[in-house]
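Since the structure comes first, as structure tokens, the remarks are kept for the end.
Protein chains in written order, with this note's numbering: chain R, 1 to 159; chain D, 160 to 318; chain P, 319 to 477; chain E, 478 to 636; chain B, 637 to 795; chain X, 796 to 954; chain G, 955 to 1113; chain Z, 1114 to 1272.
Quick look at the structure:
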């Protein structure tokens, strides 16, 4: 049984690849999906493909709707949704994805630094795990997918 | 037929009451619901009712979960969800509510100032109207609920 | 038990009022809902309320989205959806509403003239009744809601 | 991860094959599905398989219902629905499919010429992209499925 | 809290009225809904309202579809569905309604004589109660709605 | 794309195998599923596996519930449901399956002889095709799955 | 707006009435629903109404299914589900109700003593509040329904 | 067609492996899924991966929520859910899983000893089979998946 995990949120660090590498190392049967993380492509895709817009609002709108084709489809196909909030920017799209996933009943894993905990308390309250690093996410996926917990299951035949 | 409209988001101005007053003046058959907007009550409700927590994370968690009993119920009961993003704070809960409402298929009206348009483009792309003032929301509700559009429907018997 | 019936489609004749009057005369416990049928209001509502658009596409888009707040809500609240196709115009919104209602599992009654039967065969195939006049719709509602069929149930105590 | 895209609407040009060829050239992992596009077969399938009908209405009805077995199944299985409106005919079935897909929450891409924009404004308002050529649809699929945007992602390692 | 109970199936005895009278005597807050039980009206409604059909199949089809507007709506609105199988006829519509209600997750009460038990075993297996008389149905409704069980709850203040 | 078709109903002739053979000859990508069609096994499975019951009602009940594990699962997994009503027996389980499939929105193909048409009119009214032979079902599947209609699509490159 | 709260679980103390009284004193617009709490009636309802069973298993089965008509309907109608675990008995039905409510997405409030916390950790993890007394439940309902938090909202005009 | 069966409940005997071995011997096309059954790992996973908690309640909470990522996903992916209640402990999580599965409409097989029958009557009433041994579960799966019933189908060509 292969699991599908959608990695939403912050696009300025390589946390997605860290999770993917860690999961590959652990041998997990998991497919990771993600939004388009090329910032300029994501901003301009609407006008690049469907014609320029003099008004920045519609420039953004056309792009955001094309991105939504990808992101909503992938969230709906996912078994688990991970949302990372970074240090910078308002990242309302990350919180939007978290709400979207929660309403669909998708198990939600949130990742952020401690200083954002209070501001993210409603999002955290909808999550089944609140993490602060890609390593923690990989460890959770190892446990959830394979039932492995270092220091416990490696001591005995647990299954 | 009475409509129910949930007013989510910013809690530091009286925009909800403006919408309510404007709708009452217009004679709309609408019930407005809202989160608890008393900031301290909303923050402390968990520990105030269920016992203190030395760890701020769990202090917040207990409160946020009790707030979620109210907010998720009211979003699900709503015909329309209005989400206002204010000038300050990160307001991730507002974006979370918008995503939650969108996944449930609720018609979404967003309210924010122009300078946030780019940061909110994914949220706006999920909305059926992007507004900047309570007056605009009232005008939309008048049209949606009663079919009234000043300058048009007052000139003739439209229905 | 009160029924709710949404009357979608053609806006250039008074078929909705004929159905409403006929149902009132028959004493049916039914609430009729409808889109905004003032043509100019429906076209211009977006720019009238949220600011003008130099590009006609966005002029239309803003209006159509506000209309969707009303129409999608009312279709979802309806027990039965009636869609009338008139003589003129392409009326793609009528067919869109029919598809929308069908996917939600709403019982669908279609009204159109015979010459459109071939072009509407896919829509008719999704309907539970294909009618050609408001009188037929009223007669169906009398039967569906009250169980009355002239020439049959008026001869005996049928219920 | 393979995507499934349903191509609904106009059947008198080879736009479906253009999209399929373009997607194959781009190496996309996508399966395209479509209605039966042989016009006479589509019209006559009911009577050809289940016996002739003297009344044209039932001739059409039997055929349209058999077509619905295919089209509704394929729309429900699709990740994305593309609907093209051509130059001719009323194409109510295309608009019906668009409404059906919208109510199921399927991401919708619409294709039509500019002169139909006003008449299709309600359909466009439900779409996440409004296009005018098969090339644009292929470009959107490349972006949505593979994250490729020429001029952007080919300049750098985007993922 | 008022309950709604749909009474499906056999139309040749007055079991529906017995249940209604018994429930009224017991003072239950319950609304009973039912199909049109006038046999000839139910058979002919299609042609009576929408024009005659030379082919009996379409005569029946038009009528059955109009009846479906009523029956499917009422089953979906019901809290509980009661289906009675009588002594005569094949009553496939009763079994169809039972399957329809079961798939919607409606609590199902079946009523039939013992000699049909084997033939109805699949239907009974989907039911939460298998009864043989209107009195039993009333007694179940008294218990389910009001919590009254003669010989038990009348001996003490149970609530 | 492989289709799954559930074959419900009459178990005393080999119609299922005829459909399967015909589909294999036509080269269709289809998996057929079916209830357990061994009559005695189907009747006795409950007591054979879980212990005998002195009361025939519970004997039947235990068996019918185990059969339901199979039949409900397979109906829910099916793309299309075919229900055949034979000459004999009351076949309430066939009509129950048809109602169950209809409520789930599964495309329904019914098979029966003409003399049952009136008694089955409510079931037929919920179907997208009413057939009288396995050959007709195979022909419909060829059209629905592969788009082939002899006399039409074999004359030309239809796709 | 009236709220509906289902009170599931332990039936040997009067906690339900305490919550109802407390809510009435607080003036909350809330309807409380509950299972039949008369222990013997609940155990015997099946055989009392539908005939005795020599086998205790079927005695219980008939009763439990009739109780399920009430309990599942009321859980589905509820806005909030409260489940109390008492000191005694295994109370598997309480945990079953909690799982049932959780899968339906109902906000869940759990009530139990501290010594059961470890054994109930999976149930608590699905809850939005874990309480230990009727007073706490009333206080939560006051906050959730009316936005009142003593010591906070009574100091100021909070809404 | 491969079936997926989730094995919930008691973790102190090797009943899951017995079912898996028996099914493999029978050649069934079935994938078995299960919770993490290493007791200590299951208890401690939250703090082991996300940091220690001085308060046992939160220690448990963090672990139970991570376990829920696995268990809820697997129940939703399952075709059939088997829940075993053992001799010891309160096993509220087993009953919770049964309720969760029931609300999702999953066919439920329960396994327990006779002495628990009365206490589990509500759970049993939601099940399609009540068993007492892994052998019975394997026999049911053989019948449900392959249609094999020893003493019946091995005497004849049943399919």
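Ideal Cβ positions, reconstructed from N, Cα and C, are used throughout, including at glycine. Since this is a predicted model, take the numbers as computed values, not measurements.
Asked	Found
Consider the C-beta atom of residue 882/X and the heavy atoms of the ligand ADP; say whether any pair is separated by less than 6 Å.	The ligand ADP is absent from the structure shown, which contains no ligands of any kind.
Tell me, to the nearest whole angstrom, how far the beta carbon of residue 234/D is from that of residue 266/D; I am working on the premise that it is less than 8 Å.	That belief does not hold up - the Cβ atoms of residue 234/D and residue 266/D are roughly 12 Å apart, past 8 Å.
Which bits of chain R does residue 597/E rub up against, with CB to CB less than 7 Å?	The contacting residues do not exist; residue 597/E stays about 15 Å from chain R at best.
Closest to residue 800/X by C-alpha separation, out of 927/X, 834/X and 866/X, would be which residue?	866/X
At the level of alpha carbons, what is the spacing between residue 517/E and residue 947/X?	7 Å
In angstroms with no decimal places, state the Cα-to-Cα distance between residue 846/X and residue 1097/G.	53 Å
Can a CB atom of chain G be found closer than 7 Å to the CB of residue 853/X?	yes
In the segment 403-420 of chain P, which residues sit with their C-beta less than 9 Å from some C-beta in chain E, listed in chain order?	403, 407, 408, 409, 410, 411, 412, 413, 414, 415, 416, 417, 418, 419 and 420
Closer than 7 Å, CB to CB, is residue 1120/Z near chain G or not?	no
Any beta carbon from chain B within less than 7 Å of residue 1079/G's own beta carbon?	no
Would you say residue 397/P faces chain B, with C-beta separation under 7 Å as the test?	yes
Less than 7 Å between CB atoms is the rule here; does residue 458/P satisfy it with respect to chain B?	yes
Taking C-alpha atoms, which residue in 378/P, 371/P and 418/P lies nearest to residue 326/P?	418/P
Using the C-alpha atoms, what's the distance from residue 537/E back to residue 563/E?	22 Å
Name, please, each residue of chain F whose Cβ falls closer than 9 Å to the Cβ of residue 233/D.	Annotation note: the requested chain F is absent from the structure, which comprises protein chains R, D, P, E, B, X, G and Z.
DSSP state of residue 629/E, grouped into three classes?	coil
Among the candidates 320/P, 353/P and 384/P, whose CA atom is the shortest distance from the CA of residue 342/P?	320/P
Looking at the secondary structure, which residues open and close the alpha helix (DSSP H) in which residue 42/R lies?	39-50
Could you tell me which chain Z residues have their CB closer than 8 Å to the CB of residue 1015/G, listed as they occur along the chain?	1234, 1237 and 1238
Give, in chain order, every residue of the segment 192-204 of chain D whose Cβ lies closer than 8 Å to some Cβ of chain G.	192, 193, 195, 196, 197, 199, 200, 203 and 204
Would you please state the rounded distance, in angstroms, between the beta carbons of residue 487/E and residue 611/E? I believe it to be under 8 Å.	That pair is no contact at about 11 Å.
If you draw a straight line from the alpha carbon of residue 57/R to that of residue 290/D, how long is it in whole angstroms?	12 Å
Residue 922/X and residue 543/E - do their beta-carbons sit closer together than 7 Å?	no
Assuming the contact rule is C-beta atoms closer than 8 Å, residue 278/D and residue 16/R should be a hit. Round their C-beta distance to whole Å, please.	Their Cβ separation, rounded to whole angstroms, is 21 Å, which puts residue 278/D and residue 16/R out of contact at 8 Å.
Here's a check: name, in chain order, each residue in its chain whose Cβ is nearer than 7 Å to the Cβ of residue 664/B, leaving out the five neighbours to either side.	777, 778, 781 and 782
For residue 825/X and residue 509/E, what's the separation of their Cα atoms in angstroms?	18 Å
With a floor of 4 residues, list each alpha helix (DSSP H) that falls wholly inside the segment 1179-1265 of chain Z, ordered by position along the chain.	1205-1216, 1234-1238 and 1247-1254
Taking only beta-carbon positions, decide if residue 185/D is within less than 7 Å of chain G.	no
What is the DSSP secondary structure of residue 858/X, counted as helix, strand or coil?	helix
Taking DSSP as the reference, what is the three-state secondary structure of residue 963/G?	strand
Mind checking which residues open and close the beta strand (DSSP E) that includes residue 669/B?	666-669
When DSSP labels each residue in this structure, what does residue 2/R get in the three-state scheme?	coil
Name, please, each residue of chain R whose Cβ falls closer than 9 Å to the Cβ of residue 481/E.	In chain order: nothing, as chain R lies at least about 10 Å away.
Would DSSP call residue 503/E helix, strand or coil?	coil
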